[in-house]
Amino acid sequence: MLEEFDCVIIGAGISGSTIAERIANELRQPVLIIEKRNHIGGNCFDFYDKAGVLVPLYGPHFFHTNSDTVFRYVSNFIKWRKYEHRVKALVKGRLVPVPVNINTVNILFRLSIKNEKEMRSWLEKEQVKINNPKNSEEVALSRVGKRLYEMIFKNYTKKQWEKDPKDLGPEVLARIPVRDNFDDRYFTDKYQVMPDPSYTQIFKNMLKSRRIKVLLNTDYFKVKSELNPKAKIFFTGPIDQFFQYSEGKALEYRSLKFEYQNLNLDYFQMSAVINYPEPEFPWTRITEPKHATGQKIATTTIIYEYPSSSGEPYYPVPNERNLCLYKKYQSLAEKLEKKGIYFIGRLANYKYFNMDQAFENALNFFDRIKKEL
Ligand code: UDP
């Protein structure tokens, strides 16, 4: 029955589900998704734990985008609840806003900066002048200066990536801006929402069509020979795995381990995420999903997050070695496009996409190739 399908997608995460949905609902063609895990939704998957609390299985996700197209597209599949994400970091025993804003500086340095002008002049004295920062340390030094870099970013980044920020591309720490005002939201995007009721429901709705067949618990590499050899293949897994590490080396992916704790409390902490940049804490952050999901339940679950070099791939690791190696795999991948094998998404494109970027990338990709299907 696998050979019946002319379009086969590997992976039921954001990229795979978007392409499947478009093939089924726009082109009205049948499509098969092969998913290794026992669930859809990729790393966005969430579920109700034993205590009945809605929790993410692969770490916290907060939807934010400036793209009307992406917001409109995902809104076809879910209702939203408004949620503006706010993060605090525990630094020297005090909880301070991240990204750095006026309050962060006032608390940590016992100052009383009152407005943007004063904050800009304080920042100017701290910032190290670096044109075109080449790595994450340079990005942070040029934005917040040495003292804040050491308090909030240096050690968190070492824990998270097991690398010195000097050895990571600028895009990692460029994710975190600096504010010259009191805005303590993590994101400033036009749309900041959480799905109601859950992320998993988005994917259930996307994949509802009768034309979409999802095979869970199935390893593509084991069933490959049963597929129609002329089928178009949309691969959303790690690109180096597809090529069986033919370039001699594996790309690095950073992974995470989670420790869940259900507590007989209404709430444990004051916000959905508290970061722990200091090295004496072995975890990087504690997430309490109830703050973001808005679930009304008389118990709470918290999640300790520990970075790890082994386990499911979560993050591409942007440094020179990996980007060079990725380029080699990418040129192999480009040659396969002519044969109808395509590579899409965070793992296949080796890019630190946010959720909205993954949707956008998949939608653009679909528009580019739909005439070939
Ligand atoms: N980061 C940090 N201190 C913080 C928050 C973030 O050093 O308090 C750095 C860290 O290197 C992290 C990166 O900024 O990996 C990006 O943070 P983000 O919150 O975007 O990470 P994600 O939610 O994607 O894991």
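Numbering-wise, our numbering puts 237 at position 169 of the sequence shown, and it's gapless, one number per residue.
Glycine is no exception: its CB is placed at the ideal position from the N, C-alpha and C atoms.
Where residue i sits in the DSSP three-state scheme
{"i": "H132", "result": "strand"}
{"i": "I78", "result": "strand"}
{"i": "E327", "result": "strand"}
{"i": "I91", "result": "helix"}
{"i": "P233", "result": "helix"}
{"i": "L415", "result": "coil"}
{"i": "F115", "result": "strand"}
{"i": "F421", "result": "coil"}
{"i": "I220", "result": "helix"}
{"i": "I409", "result": "strand"}
{"i": "Y335", "result": "coil"}
{"i": "V246", "result": "strand"}
{"i": "I437", "result": "helix"}
{"i": "Y313", "result": "coil"}
{"i": "L70", "result": "helix"}
{"i": "S144", "result": "The sequence given here places Asn at residue 144; Ser does not occur at that position. N144: coil per DSSP, three-state reduction."}
{"i": "G213", "result": "helix"}
{"i": "G362", "result": "coil"}
{"i": "F427", "result": "helix"}
{"i": "K226", "result": "helix"}
{"i": "V207", "result": "helix"}
{"i": "V240", "result": "coil"}
{"i": "L393", "result": "helix"}
{"i": "N432", "result": "helix"}
{"i": "F349", "result": "coil"}
{"i": "G84", "result": "helix"}
{"i": "G127", "result": "coil"}
{"i": "G109", "result": "coil"}
Range covered by the alpha helix (DSSP H) that runs through residue i
{"i": "D308", "result": "I307 to F310"}
{"i": "L122", "result": "Note, L122: premise wrong, no alpha helix (DSSP H); beta strand (DSSP E) at L122 to P124."}
{"i": "N174", "result": "I170 to F177"}
{"i": "K193", "result": "E184 to E194"}
{"i": "M274", "result": "Y267 to M274"}
{"i": "Y288", "result": "Y288 to V291"}
Residue i - partner residues in DSSP beta bridges
{"i": "M262", "result": "R149"}
{"i": "A157", "result": "V164 and N343"}
{"i": "T355", "result": "V341 and I371"}
{"i": "L400", "result": "For L400, which the question treats as bridged, DSSP gives no partner whatsoever."}
{"i": "R253", "result": "R154"}
{"i": "I102", "result": "I78 and L283"}
{"i": "S376", "result": "S323"}
{"i": "Y383", "result": "R322"}
Inter-residue Cα distance where the pair is residue i and residue j
{"i": "Y321", "j": "Q312", "result": "15 Å"}
{"i": "Q260", "j": "T286", "result": "34 Å"}
{"i": "A318", "j": "V385", "result": "12 Å"}
{"i": "P201", "j": "R211", "result": "10 Å"}
{"i": "N343", "j": "A157", "result": "4 Å"}
{"i": "L324", "j": "L236", "result": "18 Å"}
{"i": "S277", "j": "W190", "result": "56 Å"}
{"i": "I77", "j": "E356", "result": "33 Å"}
{"i": "Y254", "j": "F131", "result": "11 Å"}
{"i": "K226", "j": "V99", "result": "42 Å"}
{"i": "V155", "j": "P165", "result": "6 Å"}
{"i": "D117", "j": "V123", "result": "7 Å"}
{"i": "Q337", "j": "T369", "result": "11 Å"}
{"i": "L275", "j": "N330", "result": "31 Å"}
{"i": "L393", "j": "L333", "result": "48 Å"}
{"i": "S180", "j": "R149", "result": "35 Å"}
{"i": "E239", "j": "E348", "result": "26 Å"}
{"i": "R436", "j": "M187", "result": "45 Å"}
{"i": "Y374", "j": "D248", "result": "31 Å"}
{"i": "Q309", "j": "I91", "result": "25 Å"}
{"i": "F434", "j": "I87", "result": "6 Å"}
{"i": "I198", "j": "R389", "result": "23 Å"}
{"i": "P265", "j": "D251", "result": "28 Å"}
{"i": "D424", "j": "R140", "result": "11 Å"}
{"i": "A430", "j": "Q269", "result": "19 Å"}
8 Å Cβ cutoff, residue i in contact with chain D
{"i": "F130", "result": "Judged by its chain identifiers, the structure shown contains no chain D, having just a single protein chain."}
Segment limits, beta strand (DSSP E) that includes residue i
{"i": "I280", "result": "I280 to L283"}
{"i": "F303", "result": "K300 to F303"}
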